[in-house]
Structures are given as structure tokens and as C-alpha cells.
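**Student:** Got a structure here, written out as C-alpha cells. Questions coming.
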Amino acid sequence: MSMHRYEAKVIQELVKEVFSKLDHPVSNDQEDLVGIESRVDEVKSLLELGTDDVRFIGIWGMGGIGKTTLASALFDNIVHQFTDGAIFLPEVREKSKKYGLESPQEIMISKIQSLRDLNGGHSVSRAAWSKKVLVVLDDVDSMDQVNALAGNRDWFAKIYEVRLLSATKSVELFNLNAFRKGHHPKEFEKLSALVLEFAGGLPLALIVLGKLLYDRDAETWKSAVDRLKDIPEDDIIGKLRVSFDHGLKRVEQDIFLDIACFFKGEEEDYAKRVLGSFDFYPGIGLRVLVEKSLIVISNGKLQMHDLIQEMGWHIVRQVHPRQPGKYNRLWDPQEVHDVLTQNTGTEAVEGLQLVLPEATYVEFSSDALRKMDSLRLLQFHGVSQGIEYFPNQLRWLYWHRYPSKSLPPSFEAANLVGLEMPFSRLEQIWAKRKRVNKLEFIDLSHSQKLIQTPDFRDIPNLQKLVLEQCTSLKQVDQSIAFHDKLVLLNLGGCTNLRRLPDNIQLVSLEKLVLSDCKRLDRFPDIQGDMDRLSELYLDGTAIKELPLSIERLKHLKLIDLSTCKFLRSLPSSICSLHSLRILRFYGCSKLSKLPENLGNLGRLEELHADGTAVIQLPPSFELLKNLKILYFRGCKPQSSISPFLHQFFK
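Heads up, the sequence shown is in full-length UniProt numbering, so the first residue is 1 and it goes up one at a time.
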């Protein structure tokens, strides 16, 4: 007998022996299997059992969603088709953690003395190469665990995502556990609805809560519903946090807790920017959290199941129960209120968020943050009392409606990366010049009392400046003109802005917004190349003309000049912008003529020119072969215009 045939025979006998002695890992009681049939069928379709090829399916989903239940039900459903052997290997993660990655292999070969010297997973897979064997690995959280057995990562081709139960199936599963029947008594209807809302379609929660409330009277139910968030850790939270404790590095745990406490529902890009300011490397970290089913990124926003969020809160609180001043994150309004008013904050606090309803006043010491030396994130919304001290470790400061005229002079801001103070009462950021090397993002939008901007030479790494709707601002400091890091400059709606620097060379600028700056009558000359600028918004300004140097904006894709009521002409140099795709000048009532070389804009796709004084298009217009959208009411084409352009004038 060859070694290959010998190993194959050994594996066959081994698999049968091990499987016969393993306890089934999950009890397939009826209440655990609501909605399982359709899911089993979906996984079976991925397995393509009628083929002879290797099939490797990953069952993926958040903790408590029923991955093991599904794997077990699938195993029972198809095991009879694998006459050469089948094995369900439970607790792979735990065994690998305790005994090493070889543990799954050792379970299969430990009783076969002659296979002791085989080369791990490669020999196992080689010996079973010609056999039809079913292997289920339960509770896997690392590809290393799979590779230790399968020996070939390439097999892992398809993933089945286990989703939350529908509302109908949630009711059915809960009722089977809480009432031992498919419907609930009428007197429990409202209470059941509250429990179902809390569980949010998570099977683990529905089963645990149902069993907890089984055979209880209505009064007990009411009491239980009132304390849903205090369900014992081991019942739900403890099972959910396995992915947190064993599957994440420290920095990934920090990202998860920050999302649970501060960023659930936030835009992904914004959260990345803030988390990046803490050196958390969110690009990688968020991907890991998605893979672990701890968060979901949906429509560009960070989301997580309510119970996963509860788990995060529990993790923060458990270190110092009922001592919020010692929590590393503070988000609960009552706890934050108590810490600030009683001045019990400590150096343990890293992040603090307080969101108050309109017209709510909270009085606390102006030094309430003085003991929080580790504070890196501060988010205030609607807090109307000023503060005289900000910790110098602060990385990101958000304060909606900041009440003071400037930031306190004691705040060095040496570590500050982001400053957001929309709708503030700021007149200036600092009363005196201050060097802030790390500051990258400033948003003072709708700060209607702002009259002065800082010397931007003191903010050398500034990337985004948003001063939208700062209606008292008349000019921007001249030092902005040659800033080499600025990517976004938004001065839209600064209705009293009269002046910009005469010349600019913003080599990193990608987007410039001057929309509705109604008193701005001149656009600066472009000094040198500004190759990165792709969007220029001048709509609603008082400019009369564009400088010839506009041709230096070689990669400009969009120019918006709409409703510039004083604009009389466009320079011929604008037709040198060969990357331009969108040109808008509708509502420019004094614009009567277009450049003769307009046809040089060969990539132009949209032209918006309604409401102008233009009545004739230049002959070169017919060269705009890529034009898809044209708004030009009241204008006539040349009589000899090409058939291609006639489609726009039907």
C-alpha cells in the first residue's frame, strides 16, 4: 500500500472515529431554529454539492447572530451525503488560543500513532485529496486557524453573511422562548414590543430574554423591561464581547470603543479624520471591525447593532463601576453632567461628549476639565457656558455654539489636529499669535461674529479651512495666499467678504468655494501652477471678469459662475482648460458673448448658460463632441451647425 493510500485510509477511519465520539456542539431545539431552513438552503446552493470540486464556505456575522446554529443545522442536513467521513470541530478559536494552531489537527490524528510525524495540515489535506469529506470548523476568527488544517488559503472562495432576523421571524423566535408558542397573550403585547425593539433581530438576545421572561407574570415583565440594559453580562454581553477580547489589537479596541461612545451614525470620512488624529490608523482598523461584524458601514456611515454598542459601553464602565469620573470615555449626558458639575474628572478621561437640547443650561466650573490631562477628544453641543482651561493633550475639539470671543490664552493647542466651532460667538480664534504646528482642520462655519482670521504662517499644516457663512468677515489674512498644504478653502456665504489676496499660489488646493460672496468683485491672479485645483465655485459673487491667469488651473474640472450678475465676458484663456467637464454661467445677465475658441474645451460634458445675454454661439461650438447636457434657452445655433449639436436645439 502506498503512503498516499495509507494516509487516506487512516484519515477515513480517523474522521469516522472522531465524529462518532464528538458531542453535537449545538442543541437543535425548535426555539433555536426559527428561519433556519431558508438559510441552510442558501448555504447549500453555495456549496454546489453535486460537483466533485473542493468547496470552502465562510459563514460570517456578528456575535450572537446564529453562525454556529446555522453551521450545525447545515451539518445535520447534508452529513449523509459524505460517505467517506464528516467532522464538526467546535471551539477552534479557544483551542487554538490554549493549545496552538496545531490543536485542530491533533484532534484528528492524536489516536493514530503512525501519523505523529506527518507535516501538519498539508498531510491531512493531501491524504484526503481523493475523498469526499465534510469538515465544519466552528468559531474560527483567524485564517491561520483555517490554514493550519486546510493548508491552502485559496480554497476560501465564498462567504455567506448571516443577517439579523426579520421582524416576523424575531417575533416567532421570541414567542417560542417566552411563551412556548407562536403568539403572545394580548396583555403582553406592548411589553413584548419593547423587548423585541431592544433585541433588534439578534437571535441570541431574543432567546436569552425569552427564556428569562418565560412563565413570569406581567409585573415581573414590566420590571424586567425597565432594566433591559442591566441584563447580566454572561447572558448576552459576555458572549458578544468575545470578538472584542480575542479578535482585536489594542488600537482596534480603541477605535471600536470610540465608535460605540462617540461616532455611531457618523460619516465614515469624518470619523476617519478624527480617529486618524489619535494615530489610530482607522483605514485598517475599520476594515478589521467590519470583518469581525462589530460595525457596518452603510451609505457611507458607521453603524452598529444597539446591543454591540451596549457591549462597548459596558466595557468602559466595568473598570470603575459607578465612578464616571474614572471612565476613559464619557458620553452619557447625566454622567457627564455629574462629572462636570461635581468636578470629579480624572486623568483617565480620554474622550468626553455632551449633547444638550436647545435652551438647556448647565452650570459648572470653568476649570472642570483641568484634571483631565489625557483628554484627546472633546465634543460639546449646545453648552452655553465658557471654559477657561482646555487640556493641552487635546487632539480634536468640537464645540457647537462656542460662547466666548476667543479660545483661552492658556490653551497652547500644541497637539490639536481638528478645531470645529460652528455657530460660535468667536471674533477670532486666538487673541494673540500662537504657533500650532499640528492643526490640520478648522471649521468655524456660521460664526457670524468672526471678524479676523489667524496668521496662517502659524498653522503650516492646515489642510481644510471652512469659514462658510461667516457674515461679518471682510477679509482673509494675506498669509493664506501661498499656503502649501491647504486642500479645501470654503468661504461660501461670507456676504461681507470684500477682499482676497491679490495673488495666490495654493499648490495643494483641490477645492475653492466662494459662492454667494456678494461683495467680492475680484478674483486673484494665479501665480505659478495650481495643478490640483479641480473645483472652483464663484457663483453669486460680484466679479466682473476672470484673470487671464485662469489658464494656470490646468486640471480644473468644474467652474461655477452662475448668477454672477456683473460678469461681462469670459477670457479666451479659459478655453485652455482642457480638463474642464462642467461649466456653469447661467443667470449671468450681462454676459453677451462667449469666447470664439470655446470648442477647445474638448472634454466639456455640461454647459449651463440659461439667463444670459448671449444670443449666438461661436462656430467652434460644434467641436464639443463630448457634450451631454446643454441648458441655453434663448440662444440660437449657427445655421451650419453639425447634426450632432442639433439634438440640443430640438
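Just so you know, even glycine gets a beta-carbon here, dropped at the ideal spot from N, CA and C.
Just so we're clear, the structure is a prediction, and the values are computed from it rather than from any experiment.
Of the choices Glu-161, Leu-598, Glu-535, Val-336, whose alpha-carbon is the least far from that of Cys-261?
**Tutor:** Selected option, being the one with the closest Cα: Val-336.
**Student:** Measuring alpha carbon to alpha carbon, tell me which of Glu-268, Val-288, Glu-267, Asp-254 ends up nearest residue 681.
**Tutor:** For residue 681 there is no data in the structure shown, the boundaries of the chain being 1 and 650.
**Student:** Got a sec, what are the start and stop residues for the alpha helix (DSSP H) Arg-39 sits in?
**Tutor:** Start and end: 36 to 47.
**Student:** Examine chain C for any beta-carbon lying closer than 8 Å to the beta-carbon of Asp-560, and answer yes or no.
**Tutor:** The chain labelled as chain C is not found in the depicted structure, where only one protein chain is given.
**Student:** Based on the DSSP secondary-structure assignment, which residues constitute the bridge partners of Ser-298?
**Tutor:** Bridge partners of Ser-298: Lys-301.
**Student:** By a C-beta neighbour count over all protein chains shown, 10 Å radius and 16 as the cutoff for buried, is Arg-93 buried or exposed?
**Tutor:** Buried: at least 16 other Cβ atoms inside 10 Å.
**Student:** Are Val-79 and Leu-134 closer than 8 Å when you measure CB to CB?
**Tutor:** Yes, the pair counts as a contact, with Cβ atoms nearer than the cut-off.
**Student:** Taking the CB atoms as reference points, tell me whether Ala-368 and Gly-345 lie closer together than 8 Å.
**Tutor:** Yes, Cβ-Cβ distance for Ala-368 and Gly-345 is below 8 Å.
**Student:** Taking a contact to mean a Cβ-Cβ separation below 8 Å, would you say residue 651 touches Leu-330 in this structure?
**Tutor:** Beyond the ends of the chain as shown, which are 1 and 650, falls residue 651; an answer cannot be given.
**Student:** Pop quiz: Leu-506 and Leu-514 are said to be a contact at Cβ under 8 Å. What is the actual Cβ separation, rounded to whole angstroms?
**Tutor:** Their Cβ separation, rounded to whole angstroms, is 13 Å, which puts Leu-506 and Leu-514 out of contact at 8 Å.
**Student:** Let me know the beta strand (DSSP E) ranges lying completely inside the segment 574 to 603, each 3 residues or longer, listed in chain order.
**Tutor:** Complete beta strand (DSSP E) runs here, min 3: 582 to 584.
**Student:** With a threshold of 8 Å on Cβ separation, who are the neighbours of Ser-472 within its own chain once the five nearest residues in sequence on each side are excluded?
**Tutor:** Correct list, in chain order: Gln-448, Lys-449, Leu-450, Ile-451, Asn-496.
**Student:** Less than 8 Å between the beta carbons of Ser-243 and Lys-292, yes or no?
**Tutor:** Their beta carbons are under 8 Å apart, which means Ser-243 touches Lys-292 by this criterion.
**Student:** Measuring alpha carbon to alpha carbon, tell me which residue in Lys-301, Gly-528, Gly-312, Asp-560 is nearest Leu-553.
**Tutor:** Taking only the C-alpha atoms, the option nearest Leu-553 is Gly-528.
**Student:** Can you give me the C-alpha to C-alpha distance between Ala-178 and Trp-399, rounded to a whole angstrom?
**Tutor:** Taking the straight line from one Cα to the other gives about 46 Å.
**Student:** Among residues of its own chain, excluding the 5 on either side of Ala-73, which ones have a beta-carbon nearer than 7 Å to its beta-carbon?
**Tutor:** Excluding positions up to five away in sequence, the list reads Asn-28, Leu-33, Ile-36, Val-40.
**Student:** What do you get for Ser-166, buried or exposed, if any count of 16 or more other CB atoms within 10 angstroms of its CB means buried?
**Tutor:** It is exposed - the Cβ of Ser-166 has fewer than 16 other Cβ atoms within 10 Å.
**Student:** Look at the Cβ atom of Ile-308, then the Cβ atom of Leu-240, and state whether they are nearer than 8 Å.
**Tutor:** A contact, by the Cβ cut-off of 8 Å.
**Student:** Do Ser-479 and Arg-457 count as a contact pair if the criterion is CB distance below 8 Å?
**Tutor:** A contact, by the Cβ cut-off of 8 Å.
**Student:** For the alpha helix (DSSP H) containing Trp-430, name the first residue and the last one.
**Tutor:** Per DSSP, Trp-430 belongs to no alpha helix (DSSP H) and is neither H nor E.
**Student:** Any idea which residues DSSP pairs Ala-86 with across the strands?
**Tutor:** Ala-86 is bridged to Leu-134.
**Student:** Could you check the C-alpha separation between Lys-132 and Arg-55 for me, to the nearest Å?
**Tutor:** Cα to Cα, Lys-132 sits roughly 11 Å from Arg-55.
**Student:** State the Cα-Cα distance for the pair Leu-607 and Gly-540, rounded to the nearest angstrom.
**Tutor:** Straight-line Cα distance between these residues: approximately 17 Å.
**Student:** With distance defined between alpha-carbon atoms, name the residue in Pro-90, Thr-83, Lys-158 nearest to Leu-46.
**Tutor:** Closest option to Leu-46, Cα to Cα, is Lys-158.
**Student:** Secondary structure at Phe-441, three-state DSSP: helix, strand or coil?
**Tutor:** Phe-441 falls in the strand class under three-state DSSP.
**Student:** Taking the C-alpha atoms as reference points, what is the distance between Lys-190 and His-184?
**Tutor:** The alpha-carbon atoms of Lys-190 and His-184 are separated by roughly 10 Å.
**Student:** So Gly-492 and Glu-468 are in contact, right, with Cβ under 8 Å, and what is the actual spacing, rounded?
**Tutor:** Right, their Cβ atoms sit about 5 Å apart.
**Student:** Quick one: is Lys-371 buried, meaning 16 or more other Cβ sit within 10 Å of its Cβ, or exposed?
**Tutor:** With 16 or more Cβ atoms within 10 Å of its Cβ, Lys-371 is classed as buried.
**Student:** Comparing alpha-carbon positions, which option in Leu-489, Cys-517, Ile-543 lies nearest Leu-533?
**Tutor:** That would be Leu-489, whose Cα lies nearest to the Cα of Leu-533.
**Student:** Ile-259 and Ile-295 look like a contact to me (Cβ under 8 Å); what is the Cβ gap, rounded to whole Å?
**Tutor:** Yes, Ile-259 and Ile-295 are in contact; Cβ-Cβ is about 6 Å, under 8 Å.
**Student:** Examine the ligand GTP and report whether any of its heavy atoms sits within less than 7 Å of the Cβ of Glu-622.
**Tutor:** The ligand GTP is not part of this structure, which contains no ligands at all.
**Student:** What are the boundary residues of the alpha helix (DSSP H) that Val-339 is part of?
**Tutor:** Val-339 -> alpha helix (DSSP H) spans 333 to 342.
**Student:** Excluding the five sequence neighbours on either side, which residues of its own chain have a C-beta within less than 6 Å of the C-beta of Glu-266, listed in chain order?
**Tutor:** Same-chain partners within the cutoff: Leu-302.
**Student:** Which one of Gly-599, Asn-600, Ala-613 has the shortest CA to CA distance from Phe-585?
**Tutor:** If we check each option's Cα against that of Phe-585, Ala-613 comes out closest.
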